[in-house]
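Trainee:
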Ligand code: G16
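In our numbering, the protein residues as written are 109 to 655.
Structure follows, in structure tokens:
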């Protein structure tokens with residue numbers, strides 16, 4: 109190395125433990141001197157063999173991305189990386205980053221995002237490391253990074269000026285080459301190889317089909333404009349809120365009926381003339397699909413996507429298997445059974461799908477938290493899900509709501525909802541979960557509010573590929589009629605704790621499919637309260653978000 113590496117002494121910060129998806133904290137926490145540097149150094153110290161290799165760097169454009177990228181580039185040069193690929197303006201959606209890592213066989217990538225969490229100076233920031241397969245690092249890696257953060261005494265960097273992130277081309281940071289790349293091109297090319305763009309273009313050109321894509325002022329704006337409007341010819345204006353803003357326009361870029369209420373309302377209003385709506389989150393990996401007056405639940409979306417694979421060129425040859433996170437509804441299990449393929453149940457966190465995808469055991473994966481994806485990358489992928497739906501709509505010439513209703517007719521309906529209690533006191537949340545855990549042995553086999561609890565446990569997972577075991581992944585209460593209530597604490601929040609209560613009930617009888625979701629689940633909501641004492645322990649009488 110010709111550029112001198114500088115070692116800056118430092119000391120550990122507490123709490124640099126990656127959660128469900130990387131380290132997420134308030135921007136103000138990351139702005140503390142040496143905070144970001146310590147975490148990045150801990151990642152680089154955990155790696156081996158990166159000398160001369162390529163690192164992909166990009167993020168969702170949120171506040172502090174630009175500052176963090178310059179810091180990371182200097183540290184990557186000091187760590188011996190030979191080249192960095194950086195999205196222009198620092199932009200790379202999470203699935204695009206995964207696509208770029210895979211296409212260019214990079215050593216790994218650093219993705220700067222706090223996903224759907226709000227941004228801006230008072231908002232959240234985040235960082236995670238993805239491996240050479242394009243997927244989030246596994247638990248063994250993130251545990252090792254955390255260990256390292258707790259013993260760190262210095263970080264390494266070089267002296268080099270900031271580079272212009274807004275100009276495509278080749279730059280140099282110390283001895284490391286930096287290519288500023290078009291953030292959309294590789295990703296768009298990959299999606300084009302999977303879907304029937306001609307048929308989708310024909311659908312989008314029809315006078316009786318109008319769609320709206322809400323990018324929520326987050327990262328998918330440029331991707332959606334390039335793919336939907338430029339390549340597929342959707343009318344200009346199909347993509348709304350399409351310019352990424354550092355604070356997401358003050359919004360909460362989480363595509364659910366609460367935070368994307370405007371889109372849902374537009375699809376419910378026949379005067380809008382809209383037939384299909386979709387949205388994506390801060391970093392472009394989540395999706396929401398909306399039909400006329402009908403929000404497709406993520407669990408149903410996963411099941412419909414799997415069931416219709418034969419209509420989509422990239423998947424027509426068949427699926428090796430499907431996978432869902434444990435709290436996700438069992439709708440996709442029924443599809444897998446009908447297709448005669450395995451269905452894997454993993455803990456929450458996309459990182460758990462990586463080994464199944466790498467081993468060719470699963471082709472399509474999905475989660476209740478608005479994430480669906482496939483083996484084309486190693487992240488969930490918002491625009492992929494939207495294009496998949498458009499491909500189905502184009503071939504079947506049937507509205508989205510009818511497609512879901514027909515799916516229920518065939519497979520039965522897994523009525524599903526998630527109730528979130530946000531920002532509760534961490535100690536109260538822990539008390540609630542510990543109490544539940546302690547009562548598990550009594551719960552199994554008991555009768556509660558007239559409902560028979562068949563089994564109750566704390567979900568543990570053994571990865572079928574590498575044998576690694578993950579414990580304490582959520583409390584499951586399973587009834588004798590197949591209904592479930594699941595309790596988990598979120599691993600992505602930055603303030604207090606968020607309790608998630610997942611409710612599911614299977615309804616086979618088609619005449620009962622239209623019963624409103626919350627009404628159908630009311631007995632389970634009561635059961636959850638009785639079993640967990642939510643109001644008593646947290647003081648909350650009702651959830652903050654119902655999705
Ligand atoms: C991340 C993970 C997902 C998980 C979601 C919610 O998504 O990758 O696997 O389902 O968080 O996790 P939790 O329930 O722990 O908050 P994202 O979109 O936030 O990166």
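For each residue, glycine too, the CB sits at the ideal point set by N, CA and C.
#1: When the Cβ atoms of the region 353-371 are set against those of the region 211-230, are three or more pairs found closer than 8 Å?
#2: Within a Cβ cutoff of 8 Å, which residues of the same chain sit near residue 289, ignoring the five residues on either side of it in sequence?
#3: Per DSSP, what kind of secondary structure is residue 280 in: helix, strand or coil?
#4: Using only the heavy atoms of ligand 1, determine whether one of them is closer than 7 Å to the beta carbon of residue 394.
#5: Nearest to residue 390 by alpha carbon, out of 331, 376 and 381?
#6: At what residues does the beta strand (DSSP E) containing residue 562 begin and finish?
#7: Measuring alpha carbon to alpha carbon, tell me which residue in 110, 367, 139 and 543 is nearest residue 121.
#8: State buried or exposed for residue 273, treating a residue as buried only when at least 16 other CB atoms are found within 10 Å of its CB.
#9: Going by DSSP, what residues sit across from residue 436 in a beta bridge?
#10: Skipping 5 residues on each side, what residues in its chain have a beta carbon closer than 6 Å to that of residue 374?
#11: Go ahead and pull the three-state DSSP assignment for residue 365.
#12: Is it buried or exposed for residue 351, if we count other Cβ within 10 angstroms and need 16 for buried?
#13: Is DSSP giving residue 446 helix, strand or coil here?
#14: Assign residue 413 to one of three DSSP states: helix, strand, or coil.
#15: Going by the beta-carbon positions, is the gap between residue 126 and residue 489 smaller than 8 Å?
#16: Please tell me whether residue 236 and residue 130 are closer than 8 Å, where the distance is taken between their beta carbons.
#17: Could you tell me if the beta carbon of residue 566 falls within a distance shorter than 7 Å of some heavy atom in ligand 1?
#18: At 4 residues or longer, what runs of the alpha helix (DSSP H) sit wholly inside the region 498-551?
#19: Which class does residue 183 belong to by DSSP, given the choice of helix, strand or coil?
#20: Helix, strand or coil for residue 215, going by three-state DSSP, please let me know.
#21: DSSP beta-bridge partners for residue 324?
#22: Please name the residue, chosen from 521, 240, 201 and 152, that lies closest to residue 624 on a Cα-to-Cα basis.
#23: Under 8 Å, with one C-beta from each stretch per pair, do the region 437-454 and the region 409-422 reach the 3-pair mark?
#24: In three-state terms, what does DSSP make of residue 147?
#25: Which same chain residues, not among the five before or five after residue 248, have their C-beta less than 7 Å away from its C-beta?
#26: Use the C-beta contact count for residue 469: other C-beta atoms within 10 angstroms, 16 or more gives buried, fewer gives exposed.
#27: What would DSSP say about residue 161, mapped onto helix, strand or coil?
#28: Under a three-way DSSP split, which group does residue 192 fall into?
#29: Between 314, 560 and 215, which lies nearest to residue 242 when the distance is taken from Cα to Cα?
#30: How about residue 166 and residue 199: do their beta carbons lie closer than 8 Å?
#31: Going by DSSP in three states, residue 422 sits in which element: helix, strand or coil?
#32: Helix, strand or coil for residue 399, going by three-state DSSP, please let me know.
#33: Out of curiosity, what's the CA-to-CA distance linking residue 371 and residue 524?
#34: Is DSSP giving residue 481 helix, strand or coil here?
#35: Does the region 576-592 come close enough to the region 541-558 that 3 or more CB-CB pairs lie under 8 Å?
#36: Cα separation between residue 123 and residue 416?
Mentor: In terms of the structure at hand:
#1: yes
#2: Closer than 8 Å at the Cβ level, and outside the excluded window around residue 289, lie 193, 194, 195, 196, 208 and 276.
#3: strand
#4: yes
#5: Shortest Cα-Cα distance from residue 390 to any of 331, 376 and 381 involves 331.
#6: 559-566
#7: When 110, 367, 139 and 543 are compared, the shortest CA-CA separation from residue 121 is found for 139.
#8: buried
#9: Within the DSSP bridge table, the entry for residue 436 names no partner.
#10: 380 and 382
#11: coil
#12: exposed
#13: Of the three classes helix, strand and coil, the one that applies to residue 446 here is helix, per DSSP.
#14: helix
#15: No, the Cβ-Cβ distance between residue 126 and residue 489 is not below 8 Å.
#16: yes
#17: no
#18: As far as the region 498-551 is concerned, its whole alpha helix (DSSP H) runs of at least 4 residues are 508-519 and 534-551.
#19: helix
#20: Looking at residue 215 - three-state DSSP - the assignment turns out to be coil, as it is neither helix nor strand.
#21: None, per the DSSP bridge assignment.
#22: 521
#23: Contact between the region 437-454 and the region 409-422 is present, because at least three Cβ pairs lie under 8 Å.
#24: helix
#25: 576
#26: buried
#27: coil
#28: strand
#29: 215
#30: yes
#31: For residue 422, the secondary structure class from DSSP, reduced to helix, strand or coil, is helix.
#32: strand
#33: The C-alpha of residue 524 is placed about 21 Å away from the C-alpha of residue 371.
#34: strand
#35: yes
#36: 44 Å
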